[in-house]
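Residue numbers (our numbering), protein chains in the order written: chain W, 1 to 317; chain X, 1001 to 1389. Beta carbons are placed, not taken as given, at the ideal position from N, Cα and C, and that holds for glycine. Contents: one structure, followed by commentary.
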Amino acid sequence: MLRISADRIEKSYSTVKAVNRISFDVRSGQIFALLGPNGAGKSSLIRMLVGLTRPDAGQIRIEYKGEELSALPQRCYGYLPEDRGLYQDRTVRQNLTYIAKLRGMAAADISAALLQWCTRLDLLEKMDDNLNKLSKGNQQKVQLISCVLHKPDLLILDEPFSGLDPVNQEHVLSILTELKQSGTTVILSAHQMALIERLADEMLLLNKGELVAQGSLAQVSHQLDPKQWFEVSFEQQVNSEALERLTAVAEFKPLAPSKIQLTLKAGFSVSQLLQQLTSVAELADFSRIQPSLHQLYLTAVQQHNQQATPDTQGDAA
Amino acid sequence: MNLWTIAVFEFQRYFKWKQELISAGILVTFLVLSTIWPVLEAWIDNDYKVALVSQAPAPVVSGFTFSQIPANSAETALSGIGDIWDLVVQVKDDKLVMTVESSASWQDKITPELQNWLQKQRISQLPLSTEQKKIVNTQPDAELVFLKKDSAKQNKEQKIVSGGLLLLMAIGVFSGFGFMFTAITTEKQQRVTEQLLTLISTKEWIDGKILGISLFCLKSMITTGLFFYIMIQAIALAKGNGLYVLPITALELSSALIFVSLGLLLINSFMAGFAATIDDPNHSSRSIVMFLPTVPLGVVFSAMDNAEGTLMHVLSLFPLTSFAAMPMRMASVSVPWWEWILSLILLVACLFWLKNAASRVFELGIRMYGKEPEWSLLMKTFLFAKVKE
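Here is the structure:
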């Protein structure tokens, strides 16, 4: 029903390459996350997707309801910009009604949808307040309503969790999950890795406009840290020399006299590892460690920056 | 459909009942104060006391109370300056001698009055007959004879109507300037543009904005005009003169409304386009361009004394000034129908061209954040580039 394919797209602002040969594919009903530190190119990518800017090179192809399109039809999607784009001197109702009208909604539908969403996001009592009287979090909720009011097939959200407290972050998370279940495709950028871990089907990790990793959480984890980490507790103390002799262990680090963390050497299976470990001592506990997306993200960005620094220096020279 | 939605939204952004009532209240207060000011002034300020050392009847000058003093009391009067008298007037050797304590602005008012008074005394002492004295003291009559009866319209009242129309237009133009300038630069700064440009095209947006703000400017002009009309009628009725009939016909008024409406669209198109190129209104060199639309009003104002002159003829046909000049001309003289039609056609054509040019500039500037387009690019876009739809 909906498919968005970006093929080696590039975008530069004067001397800065904001997006460098990025390709990705978003399919109908997916939640697709764009991750990366500030200046990674997430917003530039989003602005190209919604047609606010055009790529300098590469192509964005859109397939919607069986038709190949050059741009997203304006009424098929909802867009939440990074800088909140609503009228501060107008009320919540006036802002939302205006945007809904521009999206072609009928007056009766607007009233019903406004009531439904404002009730759901606890804004009913603030509907006639000017936007500049609302807290940052409530303004963010109004902005979110403006994107979903017309039941779009695609949501493009630039930092949707920004400014929200943990309760409201969970609230928005559940709304996005629900929308996904009803078939809405969501493309979002965020810094809240814990939320993205729970939400995204696929993700794209960017740094300084370049691709760092791409795919599902498992795929991204594997790309960023191909080592398989395990935590092992023995019934008694083990000595390091015995562990060093194990061929299935690539590296290990002691956490306690009877507890270690280790990585599996390439070419060996988990059962082989278990076999070798039991030959050293009796096992009390054995578990795989899944590094958090947050940890992976920090490590990947750090590594990418370290790799990029000599090149940059070379360029400058 | 979107055009009307945007226009209504823009109109309602600035139309606030509370503000309208406050403005009306301020205007009423201002007019009431203007009406009662002379009474109030007379009540607050005491008359200046003048000692006139003369046997001749004293003149009547508002704000001054004259007392005639015999010549032998002149010294006493002079010693009372500052306490009893503000001014002591003596006639010495056919010359007016006015003694005061110190220099003050009221002395400029009384001096010509006393000179005139003394001149009349001197004339009355000349060996002339009563008839001769009457001739000397009376201004000759003057009569203007109009060969074309219709051209006799230009009189004081019509000049007041022309001036009033120009004042209303200035209100419209400055409203447009204020709203366009603040609306667009604020929208850019608050990034409302990001949201709206994913919903509508730049063309739809600028068209709706121009229409909405032009309607608001027109509303400001009409409400101000109506307010003054009501006040004029109220004052006329209060004076017992009956209703005051404006020296302008319904046809002339409708024609003025057409020209003014098109003029507002023209000016607001220009302003919308250039406001979009301003990044920071406090520091932008582009801001000065926004004042350009006031130039036609200034030019028409300077030429309006000679409504039948060649300059006013040209201005009423030239599309960048006709929206102001044609209503002025029509309020003062009869305009041939073909000139009216030609002027309207030229104005509509110019509006069409300028709106497209402004759309191009708007599209160029509205998505630029943190920087402004170069002057050369700006002018090229305004004059030559094609509109991207």
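Closer than 6 angstroms by C-beta to W:F8: which residues in its own chain qualify, once you throw out the five before and the five after it? Chain order, please. According to the sequence shown, residue 8 of chain W is Arg rather than Phe. Same-chain partners within the cutoff: R21, S23, G58.
How would you write the range of the alpha helix (DSSP H) that X:M1330 sits in, first residue to last? Counted as a single uninterrupted DSSP element, the alpha helix (DSSP H) harbouring X:M1330 occupies residues 1322–1332.
Per-residue burial, X:V1308 [other beta carbons within 10 Å of its own, 16 or more giving buried]: Correcting the residue type first, residue 1308 of chain X is Glu in the shown sequence and not Val. When all chains shown are included, X:E1308 counts as exposed.
Residues that DSSP places opposite X:E1143 in a beta bridge: Answer by DSSP bridge pairing: none, since X:E1143 is not bridged.
Under 8 angstroms, with one C-beta from each stretch per pair, do the stretch 251–270 of chain W and the stretch 208–224 of chain W reach the 3-pair mark? Between the stretch 251–270 of chain W and the stretch 208–224 of chain W, the count of Cβ pairs shorter than 8 angstroms is below three; the stretches do not touch.
Residues that W:N130 bridges to, as DSSP identifies them: DSSP lists W:T91 as partners of W:N130.
Need the endpoints of the beta strand (DSSP E) that W:W229 sits in, please. It spans 229–234 - the beta strand (DSSP E) in which W:W229 sits, taken as one unbroken run.
Reference W:N132, options W:I289, W:L283, W:Q88, W:M203, closest by Cα: If you compare the alpha carbons of W:I289, W:L283, W:Q88, W:M203 with that of W:N132, the shortest gap goes to W:Q88.
Taking 8 angstroms as the CB-CB cut-off, is X:L1197 touching chain W? Taking Cβ atoms only, chain W reaches closer than 8 angstroms to X:L1197, which makes this a yes.
Give the interface partners of X:V1314 over in chain W, defined as CB-CB distance under 8 angstroms, in chain order. Neighbours of X:V1314 on chain W: none; closest Cβ ~43 angstroms, over 8 angstroms.
For W:Q313, which of helix, strand or coil comes out of DSSP? Unreliable placement is indicated for W:Q313, whose pLDDT of 44 sits below 50; the coordinate value is still reported in the next sentence. In the structure shown, W:Q313 adopts helical secondary structure according to DSSP, grouped into three states.
Coarse secondary structure for W:P254, derived from DSSP in three states: Residue state for W:P254 is assigned as strand, using DSSP reduced to three classes.
Going by C-alpha to C-alpha distance, which of X:S1062, X:S1054, X:G1176 sits closest to X:Q1090? Cα-wise, what sits closest to X:Q1090 is X:S1054.
With distances taken between CB atoms, is the gap from X:R1367 to X:T1198 smaller than 8 angstroms? No, Cβ-Cβ distance for X:R1367 and X:T1198 is not below 8 angstroms.
Can you find a C-beta in chain W that's less than 8 angstroms from the C-beta of X:R1013? The Cβ of X:R1013 sits closer than 8 angstroms to at least one Cβ of chain W.
Along the alpha helix (DSSP H) that carries W:K42, what are the first and last residues, could you check? Its alpha helix (DSSP H) spans residues 42–49.
Counting only beta-carbon separations shorter than 8 angstroms, does X:Q1190 have a partner in chain W? So yes, X:Q1190 belongs to the interface.
For X:L1165, I'd like the list of residues in its chain whose CB is within less than 7 angstroms of its CB, leaving aside the five on either flank, ordered along the chain. Counting only Cβ-Cβ distances below 7 angstroms, and skipping sequence neighbours, we find A1256, P1327, M1328, A1331.
Do the stretch 48–68 of chain W and the stretch 113–126 of chain W meet, that is, are 3 or more Cβ pairs less than 8 angstroms apart? Here the stretch 48–68 of chain W does not lie against the stretch 113–126 of chain W, with fewer than 3 beta-carbon pairs under 8 angstroms apart.
For X:T1193, return the contacting residues in chain W, with the cut-off set at a CB-CB distance below 8 angstroms. In chain order: G85.
Report all residues from its chain with a CB closer than 6 angstroms to the CB of X:G1273; omit the five preceding and five following residues, and keep chain order. Excluding residues within five positions, the ones whose Cβ falls inside 6 angstroms are A1358, V1361, F1362.
Based on the DSSP output, what are the partners of W:G215 in its beta bridges? Its beta-bridge partners are W:M203.
Please report the Cβ distance between X:L1346 and X:L1317, rounded to the nearest whole angstrom; I am assuming they are in contact, meaning their Cβ atoms lie under 8 angstroms. Contact flag correct, Cβ pair sits at about 7 angstroms.
Inter-residue Cα distance where the pair is X:S1105 and X:M1098: Looking at the two C-alpha atoms, the distance is approximately 14 angstroms.
Given that W:Y64 touches chain A, what residues does it touch there, using C-beta distances under 8 angstroms? This model lacks chain A altogether; the protein chains it does include are W and X.
Is the number of C-beta pairs between the stretch 1070–1082 of chain X and the stretch 1039–1056 of chain X that are closer than 8 angstroms three or more? Contact annotation: the stretch 1070–1082 of chain X touches the stretch 1039–1056 of chain X, with at least three C-beta pairs closer than 8 angstroms.
For the stretch 1346–1369 of chain X, enumerate the residues whose C-beta is nearer than 7 angstroms to any C-beta of chain W, in chain order. Contact annotation: in the stretch 1346–1369 of chain X, residues whose CB is within less than 7 angstroms of a CB in chain W are R1367.
Nearest CA to the CA of X:F992: which residue from X:G1263, X:S1124, X:I1341, X:I1248? The displayed coordinates of chain X run from 1001 to 1389. Any statement about residue 992 of chain X would go beyond what the structure contains.
Since X:S1161 and X:I1022 should fall inside the 8 angstroms C-beta cutoff, what is the C-beta to C-beta distance between them, to a whole number of angstroms? Note that residue 1161 of chain X corresponds to Val in the displayed sequence, not to Ser. Distance from X:V1161 to X:I1022 at the Cβ level is roughly 28 angstroms; contact not present, criterion being Cβ atoms closer than 8 angstroms.
Three-state secondary structure (DSSP) at W:V238? Coil at W:V238, not helix or strand.
Thinking just about the alpha-carbon of each residue, which of X:N1356, X:G1178, X:W1117 is nearest to the one in X:I1066? For the record, residue 1066 of chain X in the displayed sequence is Phe; it is not Ile. Ranking the options by Cα distance to X:F1066, first place goes to X:W1117.
Please list, in chain order, the chain W residues whose beta carbon lies closer than 7 angstroms to that of X:F1009. What X:F1009 touches in chain W: Y98.
Measuring CA to CA, which of W:K17, W:P257, W:Q295, W:R288 is closest to W:S271? From the listed residues W:K17, W:P257, W:Q295, W:R288, the smallest Cα separation to W:S271 is found for W:R288.
Of all the CB atoms in chain X, is at least one closer than 8 angstroms to the CB of W:L102? With a threshold of 8 angstroms between beta carbons, W:L102 makes contact with chain X.
So, helix, strand or coil for X:T1277, using DSSP? Three-state DSSP puts X:T1277 in coil, outside helix and strand.
Could you give the first and the last residue of the continuous beta strand (DSSP E) run that contains W:Q192? Unbroken run through W:Q192: none, as it is neither H nor E.
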